[in-house]
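Chains as they are written, first to last, in the numbering used here: chain A, 1 to 275; chain B, 1 to 109.
Glycine is no exception: its CB is placed at the ideal position from the N, C-alpha and C atoms.
Only a predicted model underlies this, so the values are computations on that prediction, with no experimental measurement involved.
Here's the structure we're looking at; comments come further down.
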Amino acid sequence: MDYGYSAQYSTTSYGAQGGAGGGGFLNQGSQESPAGGKQNQYGKDTLRPVTIKQILDAQQPHPDAELKIDGTEASHVTFVGQIRNVSTQATNITYKFDDGTGTVEVKQWIDADAGNAMEMDDSKPKLVENTYARVWGRMKAFNTRRHVGSHAIRPIANMNEVQCHLLEATVAHLHITRGPPESARPQGATINGDVAQRNAGYAGTGGLGSLSPHARRIMQCLQTVEQSNEGLHMHDIAQRLQMDMADVGKGGDELLAQGMIYTTVDDNTWAPLIL
Amino acid sequence: MSVTEATPRITAQYLENYTHQTVRILGKVTQLRGEQAVVDCGGPITVILNREAHFIQNHFFEVVGKVQQDLGVRVFASTDFGTDIDFKAYEAVVNATHQCKEIFYGDSA
Numbered sequence: 001m002d003y004g005y006s007a008q009y010s011t012t013s014y015g016a017q018g019g020a021g022g023g024g025f026l027n028q029g030s031q032e033s034p035a036g037g038k039q040n041q042y043g044k045d046t047l048r049p050v051t052i053k054q055i056l057d058a059q060q061p062h063p064d065a066e067l068k069i070d071g072t073e074a075s076h077v078t079f080v081g082q083i084r085n086v087s088t089q090a091t092n093i094t095y096k097f098d099d100g101t102g103t104v105e106v107k108q109w110i111d112a113d114a115g116n117a118m119e120m121d122d123s124k125p126k127l128v129e130n131t132y133a134r135v136w137g138r139m140k141a142f143n144t145r146r147h148v149g150s151h152a153i154r155p156i157a158n159m160n161e162v163q164c165h166l167l168e169a170t171v172a173h174l175h176i177t178r179g180p181p182e183s184a185r186p187q188g189a190t191i192n193g194d195v196a197q198r199n200a201g202y203a204g205t206g207g208l209g210s211l212s213p214h215a216r217r218i219m220q221c222l223q224t225v226e227q228s229n230e231g232l233h234m235h236d237i238a239q240r241l242q243m244d245m246a247d248v249g250k251g252g253d254e255l256l257a258q259g260m261i262y263t264t265v266d267d268n269t270w271a272p273l274i275l
Numbered sequence: 001m002s003v004t005e006a007t008p009r010i011t012a013q014y015l016e017n018y019t020h021q022t023v024r025i026l027g028k029v030t031q032l033r034g035e036q037a038v039v040d041c042g043g044p045i046t047v048i049l050n051r052e053a054h055f056i057q058n059h060f061f062e063v064v065g066k067v068q069q070d071l072g073v074r075v076f077a078s079t080d081f082g083t084d085i086d087f088k089a090y091e092a093v094v095n096a097t098h099q100c101k102e103i104f105y106g107d108s109a
């Protein structure tokens with residue numbers, strides 16, 4: 001047991017982040033857990049559905065940096081593909097996965113202690129060539145080559161998962177590159193035919209469609225008028241929009257309740273929440 | 001052989017855009033005629049089977065194969081997807097992959 005050592009190690013680098021718990025996880029975690037240096041990344045960990053092409057195209061800003069997909073750090077990924085080749089080595093099993101968009105090697109390290117038990121367990125569906133499987137793992141870069149260090153690989157039981165995964169990967173990609181879908185913005189701009197509003201670029205949840213006209217105008221004003229990070233006072237807004245103070249107050253309350261704006265220097269000075 | 005690495009998923013209506021290319025189709029087997037079979041993939045597609053292909057009537061099969069001049073598909077590899085397949089989902093995938101080429105098949109495809 002090197003628990004003592006690990007725990008000590010994490011406390012130094014984790015600080016207030018609850019090193020003991022994290023240390024425990026790290027200690028038992030897979031071989032992927034870096035021995036040091038990257039612990040501060042864990043808070044940002046994501047698990048993203050991707051295609052193999054996205055893994056091959058992932059950008060690495062500089063050596064040792066996290067790989068980026070669509071400009072977003074994507075440490076852990078999951079994908080569905082067909083096993084094209086299995087090669088068992090002393091320390092790992094390397095699978096070649098193909099999902100139609102490309103091929104990538106997936107390495108799964110063999111746990112020497114658990115290894116024999118796994119081989120004997122015939123009840124588990126085998127990961128043989130031409131079976132479809134889902135992979136969870138971490139992208140690795142070795143020079144220009146990419147591979148995936150995997151924690152878990154599970155054969156696909158229902159083939160619809162193949163299609164489902166590809167659609168999921170598309171949604172994730174579009175969400176990150178273009179923001180949430182129009183349909184997720186309630187009663188979107190199309191109903192009002194207000195294209196300007198759609199282009200206002202508010203990419204948060206909720207959207208402008210569900211707001212009262214006053215609140216919508218205030219929000220637009222806050223988004224378009226140049227301002228310091230203190231935002232605008234409600235008098236200023238009322239003047240700019242030629243609106244009644246009472247209406248500005250009501251609209252502001254609505255936006256505050258929605259979490260779309262927040263108060264700054266006092267209760268009547270608002271800034272838009274930009275996500 | 002990097003050309004064959006990506007195998008675009010298509011349905012019957014895209015066949016003529018992909019002649020002499022390796023593609024992936026998912027369709028239900030409607031006819032078995034010895035060396036050939038017909039699968040329904042948003043329209044009938046004639047596939048020329050290889051030795052390893054063991055098609056089963058009414059099962060969905062995923063086929064990786066090359067589109068011939070006559071729009072038949074010569075099978076390189078096939079996988080039995082069973083009978084419980086939501087074909088609408090596959091059509092959605094085909095649409096998504098053609099609209100979002102950057103994450104699927106590159107711009108050149």
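Neighbourhood of residue i by C-beta, 7 Å cutoff - its chain only, sequence neighbours within 5 removed
i, result
"F104 (chain B)", "T97"
"D70 (chain A)", "H173, I176 and T177"
"G249 (chain A)", "M234"
Cut-off 6 Å between Cβ atoms - residues of its own chain near residue i, not counting five sequence neighbours on either side
i, result
"P44 (chain B)", "V38"
"S87 (chain A)", "T94"
"I56 (chain B)", "none"
"A6 (chain B)", "Y105"
Proximity test, Cβ basis, 8 Å: residue i and chain B
i, result
"Q276 (chain A)", "Outside the modelled stretch of chain A, which goes from 1 to 275, sits residue 276 (chain A), for which no answer is possible."
"A169 (chain A)", "yes"
"A35 (chain A)", "Low local confidence applies: a pLDDT of 44 at A35 (chain A) is under 50, so the model's placement there is unreliable, and no value is given."
"T51 (chain A)", "yes"
"N143 (chain A)", "no"
"N92 (chain A)", "no"
"N85 (chain A)", "no"
"G291 (chain A)", "Any property of residue 291 (chain A) remains undetermined from this structure, which presents chain A solely from 1 to 275."
"Q163 (chain A)", "yes"
"M159 (chain A)", "yes"
Cα-Cα separation, residue i to residue j
i, j, result
"G100 (chain A)", "E66 (chain A)", "25 Å"
"T83 (chain B)", "Q223 (chain A)", "53 Å"
"L71 (chain B)", "Y132 (chain A)", "27 Å"
"D86 (chain B)", "L167 (chain A)", "13 Å"
"A271 (chain A)", "I261 (chain A)", "5 Å"
"F142 (chain A)", "G179 (chain A)", "32 Å"
"Q163 (chain A)", "V80 (chain A)", "9 Å"
"A238 (chain A)", "T144 (chain A)", "57 Å"
"I110 (chain A)", "Q89 (chain A)", "9 Å"
"Q13 (chain B)", "A77 (chain B)", "21 Å"
"E91 (chain B)", "Q31 (chain B)", "21 Å"
"V23 (chain B)", "A89 (chain B)", "18 Å"
"M159 (chain A)", "D80 (chain B)", "9 Å"
"K66 (chain B)", "V29 (chain B)", "18 Å"
"M245 (chain A)", "S228 (chain A)", "22 Å"
"A264 (chain A)", "G231 (chain A)", "Correcting the residue identity first, residue 264 (chain A) is Thr in this sequence and not Ala. For T264 (chain A) and G231 (chain A), the distance between alpha carbons rounds to 7 Å."
"T46 (chain B)", "I25 (chain B)", "11 Å"
"H165 (chain A)", "D40 (chain B)", "23 Å"
"E129 (chain A)", "P63 (chain A)", "33 Å"
"D58 (chain B)", "A152 (chain A)", "Residue 58 (chain B) is actually Asn in this sequence, not Asp. When rounded, the distance between both Cα atoms is 33 Å."
Secondary structure of residue i, DSSP reduced to three states
i, result
"G81 (chain A)", "strand"
"H233 (chain A)", "strand"
"D57 (chain A)", "helix"
"H76 (chain A)", "strand"
"F104 (chain B)", "coil"
"V128 (chain A)", "coil"
"P213 (chain A)", "helix"
"T264 (chain A)", "coil"
"M219 (chain A)", "helix"
"E161 (chain A)", "helix"
"H147 (chain A)", "strand"
"E16 (chain B)", "helix"
"A172 (chain A)", "helix"
"L49 (chain B)", "coil"
"Q21 (chain B)", "coil"
"T94 (chain A)", "strand"
"T224 (chain A)", "helix"
Range of the contiguous alpha helix (DSSP H) that encloses residue i
i, result
"G252 (chain A)", "M245 to Q258"
"Y90 (chain B)", "F87 to Q99"
is_contact[residue i, chain A] using C-beta, thresh 8 Å
i, result
"D40 (chain B)", "no"
"F104 (chain B)", "yes"
"I85 (chain B)", "yes"
"F76 (chain B)", "no"
"E5 (chain B)", "yes"
"A9 (chain B)", "One point to set straight first is that residue 9 (chain B) is Arg, not Ala, in the sequence displayed. Closer than 8 Å to some Cβ of chain A, the Cβ of R9 (chain B) qualifies, so yes."
Endpoints, beta strand (DSSP E) assigned at residue i
i, result
"D45 (chain A)", "Here D45 (chain A) belongs to no beta strand (DSSP E), and DSSP marks it neither H nor E."
"G82 (chain B)", "V73 to G82"
"E62 (chain B)", "F60 to V67"
"D99 (chain A)", "D99 (chain A) -> no beta strand (DSSP E), and no H or E assigned at all."
"D40 (chain B)", "Q36 to D40"
"P272 (chain A)", "T269 to P272"
Same chain only: Cβ atoms within 8 Å of residue i, ignoring 5 sequence neighbours per side
i, result
"L241 (chain A)", "R217, I218, C221 and V248"
"R154 (chain A)", "A133 and R134"
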